[in-house]
Each structure stands twice: as C-alpha cells, then as structure tokens.
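Peer 1: Once you know that position 425 of the sequence shown is 424 in numbering that gives the first Met the number 0, the rest is easy, because the numbers rise by one and skip nothing. Yeah, the Cβ is synthetic: ideal placement off N, Cα and C, and Gly gets one too. Predicted, not measured: the structure shown is a model, and the values here were computed from it.
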Amino acid sequence: MLLYDLVETSRRAAETTRRLEKTELLASCLRRAGPDDVPICVAYLSGEIPQGRIGIGPATLKAAWPETSASSPSLTLTVTDGYFQRVVDAAGPGSTKIRARLVRDLLQQGTREEQDFLARLLFGELRQGALEGIMTEAIASAFRVPAGDVRRALMLTGDLGAVAHAALTLGSPGLGGFGLRMFRPLKPMLAQSADRVEDALERLGIAALEWKLDGARVQVHRSGSEVRVFTRQLNDVTGTVPELVEAALGLPVQEIVLDGEALALRRDGRPLPFQLTMRRFGRKLDVPRMRAKLPLTTFFFDCLYLDGETLIDLAAEERFRRLSAALPESLVVPRIVTGDAHAAASFLAGARQGGHEGLVAKALAAPYEAGRRGAGWVKVKPAHTLDLVVLGAEWGHGRRRGWLSNLHLGARDPETGSFVMLGKTFKGFTDELLTWQTRALQEIEIARDRYTVYVEPKWVVEVAFNEVQASSRYPAGLALRFARVRGYRHDKRPEDADTIDTVRDIFRRGVAGE
Numbered sequence: 000m001l002l003y004d005l006v007e008t009s010r011r012a013a014e015t016t017r018r019l020e021k022t023e024l025l026a027s028c029l030r031r032a033g034p035d036d037v038p039i040c041v042a043y044l045s046g047e048i049p050q051g052r053i054g055i056g057p058a059t060l061k062a063a064w065p066e067t068s069a070s071s072p073s074l075t076l077t078v079t080d081g082y083f084q085r086v087v088d089a090a091g092p093g094s095t096k097i098r099a100r101l102v103r104d105l106l107q108q109g110t111r112e113e114q115d116f117l118a119r120l121l122f123g124e125l126r127q128g129a130l131e132g133i134m135t136e137a138i139a140s141a142f143r144v145p146a147g148d149v150r151r152a153l154m155l156t157g158d159l160g161a162v163a164h165a166a167l168t169l170g171s172p173g174l175g176g177f178g179l180r181m182f183r184p185l186k187p188m189l190a191q192s193a194d195r196v197e198d199a200l201e202r203l204g205i206a207a208l209e210w211k212l213d214g215a216r217v218q219v220h221r222s223g224s225e226v227r228v229f230t231r232q233l234n235d236v237t238g239t240v241p242e243l244v245e246a247a248l249g250l251p252v253q254e255i256v257l258d259g260e261a262l263a264l265r266r267d268g269r270p271l272p273f274q275l276t277m278r279r280f281g282r283k284l285d286v287p288r289m290r291a292k293l294p295l296t297t298f299f300f301d302c303l304y305l306d307g308e309t310l311i312d313l314a315a316e317e318r319f320r321r322l323s324a325a326l327p328e329s330l331v332v333p334r335i336v337t338g339d340a341h342a343a344a345s346f347l348a349g350a351r352q353g354g355h356e357g358l359v360a361k362a363l364a365a366p367y368e369a370g371r372r373g374a375g376w377v378k379v380k381p382a383h384t385l386d387l388v389v390l391g392a393e394w395g396h397g398r399r400r401g402w403l404s405n406l407h408l409g410a411r412d413p414e415t416g417s418f419v420m421l422g423k424t425f426k427g428f429t430d431e432l433l434t435w436q437t438r439a440l441q442e443i444e445i446a447r448d449r450y451t452v453y454v455e456p457k458w459v460v461e462v463a464f465n466e467v468q469a470s471s472r473y474p475a476g477l478a479l480r481f482a483r484v485r486g487y488r489h490d491k492r493p494e495d496a497d498t499i500d501t502v503r504d505i506f507r508r509g510v511a512g513e
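#1: Enumerate in chain order the residues of its own chain whose CB-to-CB distance from residue 447 is below 7 angstroms, with the five nearest sequence positions on each side excluded.
#2: Short of 7 angstroms in beta carbon distance, which residues of its chain neighbour residue 300, apart from the five on each side in sequence? Order them along the chain.
#3: Do residue 373 and residue 200 have their C-beta atoms closer together than 8 angstroms?
#4: Could you name the residues that DSSP lists as bridge partners for residue 327?
#5: Is DSSP giving residue 511 helix, strand or coil here?
#6: At a cut-off of 7 angstroms, is residue 392 close to the ligand GTP when judged by its beta-carbon and the heavy atoms of the ligand?
#7: Using the beta-carbon count (16 or more within 10 Å), is residue 273 buried or exposed?
#8: Sort 27, 336, 174 by Cα distance to residue 146 and report the nearest one.
#9: Using DSSP with H/G/I as helix, E/B as strand and the rest coil, what is residue 334?
#10: Is the beta carbon of residue 499 sitting closer than 8 angstroms to the one on residue 410?
#11: Just the Cα atoms here: how many angstroms apart are residue 165 and residue 120?
#12: Would you say residue 459 and residue 484 are within 8 angstroms of each other, going by their C-beta atoms?
#13: If we ignore side chains and look at the alpha-carbon of each, how far apart do residue 348 and residue 118 end up?
#14: Who are the Cβ neighbours of residue 155 in its own chain at under 7 angstroms, not counting the five residues just before and after it?
#15: Could you pull out every residue in the same chain whose Cβ sits closer than 7 angstroms to the Cβ of residue 203, ignoring the five residues on either side in sequence?
#16: Do you know how far the Cα of residue 385 is from the Cα of residue 109?
#17: Apart from the five residues just before and just after residue 356, which ones in its own chain have a Cβ nearer than 6 angstroms to its Cβ?
#18: Please classify residue 352: does DSSP put it in a helix, a strand, or coil?
#19: Tell me whether the beta-carbon of residue 424 lies closer than 8 angstroms to the beta-carbon of residue 408.
#20: Using only alpha-carbon positions, find the residue among 96, 101, 132 that is nearest to residue 21.
#21: In whole angstroms, what separates the C-alpha of residue 309 from that of residue 342?
#22: Inspect the beta-carbon positions of residue 479 and residue 436 and report whether they are closer than 8 angstroms.
#23: For residue 114, count neighbouring C-beta atoms within 10 Å of its own C-beta (all shown protein chains included) and say buried if the count is 16 or more, exposed if not.
#24: Under 8 angstroms, do residue 252 and residue 303 count as touching if we go by C-beta distance?
#25: Just checking my contact of residue 41 with residue 163 at CB under 8 angstroms: how many whole Å lie between their CB atoms?
#26: Are the CB atoms of residue 475 and residue 419 nearer to each other than 8 angstroms?
#27: What residues match up with residue 73 in a beta bridge as DSSP calls it?
#28: Quick check: what's the CA-CA separation for residue 97 versus residue 107?
#29: Can you find the residues in the same chain that come closer than 6 angstroms, C-beta to C-beta, to residue 152, ignoring five residues on each side of it along the sequence?
#30: Using 8 angstroms as the cut-off, can you tell me whether the stretch 76 to 90 makes contact with the stretch 34 to 54, which would need three or more C-beta pairs spanning the two stretches below that distance?
#31: Alpha carbon to alpha carbon, how far is residue 91 from residue 58?
#32: Does DSSP classify residue 232 as helix, strand or coil?
#33: How many angstroms separate the CA atom of residue 481 from the CA atom of residue 473?
Here you go:
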C-alpha cells in the first residue's frame with residue numbers, strides 16, 4: 000500500500016468534522032490495506048508510529064531535511080516502517096549520524112505532501128481527528144465485525160494494529176481469541192463526572208460508593224512468586240514500588256490482577272499532595288531512601304483476574320465480593336452500598352474529612368470497561384476541577400522574570416483531536432515548580448514570540464476554578480474564572496484531558512442555577 004493513500008485519507012479526514020464521514024474515510028483506507036499493511040495503516044492514521052518514539056528531534060530532522068522531493072508517490076508503508084525500525088535499531092558510536100542519514104534517505108523518496116505527513120507523524124502533530132473511538136468504529140466497518148468485539152479486543156490488548164489485523168484475517172472469531180494475559184496490563188476503566196452525590200445516585204440508583212483517592216493509579220499482576228506493577232499509562236514500575244510487590248506476595252492466592260491507587264500518607268493517615276506521591280515513580284531513584292522518606296500505602300478497588308478466571312465481564316458486585324474475599328480489609332478502599340442520598344452525603348463528608356478528593360459511585364451490575372469512561376462509574380468531587388492541556392506559557396514579570404509563568408490552558412475537542420483554549424492562569428505555582436516548568440516547556444517548544452512560548456500539547460495540569468463564564472476572547476466562547484493550578488498530572492496523557500463538551504456542560508448547569 001502506498002503511503003500517499005494515507006496522506007490523502009489524513010487530509011480528507013482532517014477537513015471534515017462529521018464523525019460518520021470521517022469514520023468511512025478511514026474504513027475505506029483500511030479496506031485497501033493488506034494483512035501486513037493494516038497494523039501500520041492503523042498506527043499512522045492514529046498519529047502514532049508502531050515503534051513508539053524513535054529518537055528523532057527537531058534538530059535531527061532539520062539537519063536531515065532534503066532539498067528535493069519525489070515528483071510522484073512511490074513510498075510504500077512497509078518500506079517506511081522498515082526505515083523507522085532501522086532508526087530504532089541504530090545504536091552505539093555514530094548512531095546519531097546513522098539515524099539522520101536514514102531519515103534523510105526516507106524523506107528523499109517522498110513527495111512534498113508525504114514529507115510533511117512524516118514530519119508531523121514523527122513529532123506527534125498528526126491530528127486529523129482519528130481518535131481511538133473513531134478508529135475502532137472504522138475497523139468494525141472496514142472488516143464487517145461488531146464494534147463491541149473490536150472494543151473488547153482492544154481493551155484486552157491495548158494494540159489497535161493487532162486488533163485490526165485479527166479483524167481482517169480472522170473476523171469476529173479472531174477478535175474473540177484475545178483474552179486477559181498475566182503481565183500484559185489492561186487500560187484502566189475511567190469515570191464520568193458529577194457535581195453532587197445526588198446526581199450520581201440519580202444516574203445509578205443503588206450503587207457502591209468508594210472514597211476517591213488522589214494517588215497514582217496502579218495495576219498489580221501476580222503469578223506465583225512473580226509480581227509486576229503497572230501505571231495508568233501501562234508503564235512497568237515494579238522496581239520503584241517494593242511495598243506493592245510485598246503486599247501482593249502476601250495474598251493467599253496464586254494468580255491475581257488488581258486495580259487500585261497508591262499514595263503517600265501523613266502520620267495522621269491523611270494523604271500527602273499528589274505531586275509528592277508521584278516522586279516515588281521517577282525513573283532514576285534511590286528506592287530504599289525514597290521508600291523510607293515517602294512510604295506508599297495501597298488501596299485496591301477492583302479484581303480483574305483471580306486464580307485462572309477472568310472477571311472483567313462479571314458484574315461489579317461480584318468482582319467486589321471476590322476482591323474482599325482475597326484481600327485483607329486494610330488493602331481494600333473504604334466502600335458502602337446505598338441508594339440513600341443522606342447516607343451517601345455522610346460517606347462523602349467522611350472522605351473529605353480524611354483529606355480525600357470525594358467519592359466514586361459504581362453501578363453494581365457494570366462490567367469492567369477497560370480504557371473507557373464508562374457510564375457505570377461516576378466520580379463526585381465537590382470542588383470544580385478539570386484536567387487541561389498546556390498549550391503555551393508567557394514569560395513572567397517582576398519576581399517571576401525569567402520564568403515561564405502564565406499558562407495557556409486547553410480542553411480536548413473529541414471530534415477533531417485538537418485543543419480549545421479556555422484561558423490563562425499564573426496562580427498555584429511554587430518557585431520549584433516554576434523552575435521545572437520553564438525548562439520542561441522549552442523542551443517541547445514549537446514556536447514563540449516576544450511574550451509567549453507555544454508548546455506541543457503534551458503536559459496535563461489539574462486546574463481548580465470557581466466557574467465557567469461566557470467569553471468572546473477565546474474560540475469556544477467560554478473561559479475559566481479564577482483558575483489556579485493544583486499540579487501537573489504526569490500520569491495522564493493529552494488524550495485523557497477533559498473535553499470541551501464537559502466544560503460546556505458545566506457552563507450550562509451554572510447558567511441554569513443547577
């Protein structure tokens with residue numbers, strides 16, 4: 000399959016905001032791909048490279064950029080993928096020059112349109128709205144398989160390319176062959192939001208209510224004497240969290256997969272700030288020293304696999320029962336089951352008094368919808384907060400001169416994959432955070448003017464605010480009032496940021512006085 004087919008599909012998909020039209024454009028492209036091309040096709044159209052980050056930065060690309068381009072398309076997906084793999088494989092003395100030469104050789108074979116496509120693909124800037132949900136629908140349409148089968152296979156593998164290959168070559172039976180495997184982490188199930196506990200109960204009826212902990216999401220796999228711990232982003236952090244390994248090894252089971260939160264607590268049992276907890280998950284740590292300084296406590300709230308049985312399709316009520324039977328009470332998140340608003344409000348007050356964010360209400364009959372913000376989970380946090388993406392930052396004045404201080408904040412547009420600016424804030428920063436922020440944002444700079452450094456939409460921040468108000472200053476016609484940064488969420492990706500639809504809903508409820 001020619002790379003140019005994807006370039007044209009990407010261009011046309013970016014030009015339409017209609018979900019069905021975008022889906023059919025992607026599906027049509029997938030139908031033309033062969034078995035070897037499909038995983039590459041899915042990855043590129045999703046704005047990703049199968050090999051992940053391949054170590055090509057702006058300076059390398061600028062130095063490798065050819066003066067000429069091909070007059071007509073000839074590059075195939077397999078040839079392009081081969082070049083990227085050779086870039087990844089290059090190592091040792093002289094590898095930087097080898098990678099630059101490989102990139103130059105690849106680009107020289109492309110047309111101008113293909114060169115631009117590859118450059119944006121390399122830097123993660125290929126945003127034509129082919130988000131995971133749309134690509135899932137496109138795979139189902141292209142290969143005439145149920146979308147639910149595609150979503151479940153993706154949930155279990157986390158690999159759209161592998162799922163598309165199975166759908167093409169084996170159909171629904173092939174998708175049904177994917178199962179939960181030990182030490183292959185699942186994407187975590189996510190929660191929708193509600194402002195009040197009454198709203199959550201209105202949606203769910205009688206539900207399980209759990210404390211919402213402001214910690215690091217962890218997924219723990221144990222098989223016999225082997226334990227692996229994964230983060231929200233599915234990174235293996237086993238070596239940095241020996242407490243979690245010891246806790247898992249102490250359970251009276253042979254095999255188990257658990258979902259929970261790890262957090263650092265004060266001596267009185269109240270949680271330390273999220274940023275302190277996240278220090279335990281750095282890449283280069285003196286683990287014994289950090290453990291002594293910031294010991295982690297873990298609370299689990301779901302059991303996905305137990306002694307040979309996959310539990311994700313079971314009702315939440317049954318999974319909770321299995322969890323409580325397998326774990327001591329000290330490792331299970333505090334939980335009650337109720338449909339009574341007064342009892343729920345009292346439980347929420349207890350969580351808040353303990354220093355926790357709020358609560359999560361869970362439908363008793365809901366399965367575990369990995370990787371999805373399912374309707375079966377509803378989080379309730381009394382304070383208004385949003386997870387937004389940093390789009391840029393302005394240089395500070397006075398005492399903050401020399402620091403990037405005033406952040407430009409954006410919400411995710413689920414239709415286009417782009418980010419919509421909602422305002423700015425310079426509140427909530429310590430000197431330490433300003434120092435880190437100034438360095439980190441310049442590392443992902445894409446442009447600047449006299450006052451502002453514009454950056455790749457890479458970093459997510461949790462922002463507290465008083466209300467959403469109408470504003471003619473920003474593209475969505477909305478702005479956050481009295482926004483202040485509560486901290487960077489290094490455990491979240493731009494794709495995990497809150498959407499502009501969520502912001503609009505908050506605005507509508509505020510106008511209606513709800």
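Peer 2: The short version:
#1: Residue numbering aside, residue 447 sits at position 448 when the sequence shown is read from its first letter. Cβ within range, chain order: 453.
#2: Residue mapping note: residue 300 aligns to position 301 of the sequence shown, counting from 1. These residues qualify, in order along the chain: 209, 258, 259, 332.
#3: In the sequence shown, residue 373 corresponds to position 374, counting from 1. In the sequence shown, residue 200 corresponds to position 201, counting from 1. Cβ atoms of residue 373 and residue 200: not closer than 8 angstroms.
#4: For this step, residue 327 is matched to residue 328 along the sequence shown. Bridge partners of residue 327: none, in fact.
#5: Stepping through the sequence shown from its first residue, residue 511 is reached at position 512. With a pLDDT of 46 at residue 511, under the threshold of 50, the predicted position of this residue should be treated as unreliable, and no value is reported.
#6: Here there are no bound small molecules, and the ligand GTP is not part of this structure.
#7: As a position in the sequence shown, residue 273 is number 274, starting the count at 1. Its Cβ being crowded by 16 or more others within 10 Å, residue 273 is buried.
#8: By one-based count along the sequence shown, residue 146 stands at place 147. Restricting attention to 27, 336, 174, the CA atom closest to the CA of residue 146 is found in 174.
#9: The residue labelled residue 334 in the question sits at position 335 within the sequence shown. Reduced to three states, the DSSP call for residue 334 is strand.
#10: Taking the first residue of the sequence shown as position 1, residue 499 is located at position 500. Taking the first residue of the sequence shown as position 1, residue 410 is located at position 411. Going by C-beta atoms, residue 499 is nearer than 8 angstroms to residue 410.
#11: The count along the sequence shown starts at 1 and reaches residue 165 at position 166. The count along the sequence shown starts at 1 and reaches residue 120 at position 121. Looking at the two C-alpha atoms, the distance is approximately 25 angstroms.
#12: Numbered from 1 along the sequence shown, position 460 holds the residue referred to as residue 459. Numbered from 1 along the sequence shown, position 485 holds the residue referred to as residue 484. In this structure, residue 484 does not lie closer than 8 angstroms to residue 459 by Cβ.
#13: On the sequence shown, position 349 is the one that residue 348 refers to. On the sequence shown, position 119 is the one that residue 118 refers to. Spanning the two alpha carbons is a distance of roughly 51 angstroms.
#14: As a first step, residue 155 is located in the sequence shown; it is residue number 156 there, counting from the start. Correct list, in chain order: 177, 178, 179, 185.
#15: Stepping through the sequence shown from its first residue, residue 203 is reached at position 204. Within the same chain, residue 203 has close Cβ partners 360, 362, 377.
#16: Position 110 of the sequence shown, counted from the start, is the residue given in the question as residue 109. Position 386 of the sequence shown, counted from the start, is the residue given in the question as residue 385. If I take the Cα positions, the gap works out to 42 angstroms.
#17: Within the sequence shown, residue 356 is the residue found at index 357, counting from 1. Cβ neighbours of residue 356 beyond the five flanking positions: 211, 213, 380.
#18: What you label residue 352 is simply residue 353 of the sequence shown in a count that begins at 1. If DSSP states are grouped into helix, strand and coil, residue 352 belongs with the helices.
#19: Taking the sequence shown and counting its residues from 1, the one referred to as residue 424 is at position 425. Taking the sequence shown and counting its residues from 1, the one referred to as residue 408 is at position 409. Yes; because the gap between Cβ atoms is below 8 angstroms, this pair is in contact.
#20: Here residue 21 refers to the residue found at position 22 when the sequence shown is read from its first residue. The candidate whose alpha carbon is nearest that of residue 21 is 132.
#21: Along the sequence shown, one-based indexing puts residue 309 at 310. Along the sequence shown, one-based indexing puts residue 342 at 343. Distance between the alpha carbons of residue 309 and residue 342: 33 angstroms.
#22: Within the sequence shown, numbered from 1, the residue matching residue 479 stands at position 480. Within the sequence shown, numbered from 1, the residue matching residue 436 stands at position 437. No.
#23: Reading the sequence shown from its first residue, position 115 is the one you call residue 114. Answer is buried; the Cβ neighbour count reaches 16.
#24: Residue 252 sits at position 253 when you count from the first residue of the sequence shown. Residue 303 sits at position 304 when you count from the first residue of the sequence shown. Cβ atoms of residue 252 and residue 303: not closer than 8 angstroms.
#25: The sequence position of residue 41 within the sequence shown is 42, counting from 1. The sequence position of residue 163 within the sequence shown is 164, counting from 1. That pair is a contact at about 5 angstroms.
#26: Reading the sequence shown from its first residue, position 476 is the one you call residue 475. Reading the sequence shown from its first residue, position 420 is the one you call residue 419. Yes, the pair counts as a contact, with Cβ atoms nearer than the cut-off.
#27: Taking the first residue of the sequence shown as position 1, residue 73 is located at position 74. Residue 73 is bridged by DSSP to nothing; it lacks a bridge partner.
#28: The residue you call residue 97 lines up with position 98 of the sequence shown. The residue you call residue 107 lines up with position 108 of the sequence shown. Residue 107 has its alpha-carbon roughly 15 angstroms from the corresponding atom of residue 97.
#29: As a first step, residue 152 is located in the sequence shown; it is residue number 153 there, counting from the start. The answer, listed in chain order, is 162, 174, 177.
#30: yes
#31: Here residue 91 corresponds to residue number 92 of the sequence shown, with the count starting at 1. Here residue 58 corresponds to residue number 59 of the sequence shown, with the count starting at 1. Distance between residue 91 and residue 58, taken at the CA atoms: about 19 angstroms.
#32: For the purposes of this step, residue 232 is taken as the residue at position 233 of the sequence shown. Residue 232 falls in the coil class under three-state DSSP.
#33: Counted from its first residue, the sequence shown places residue 481 at position 482. Counted from its first residue, the sequence shown places residue 473 at position 474. Each residue's alpha carbon lies about 16 angstroms from the other.
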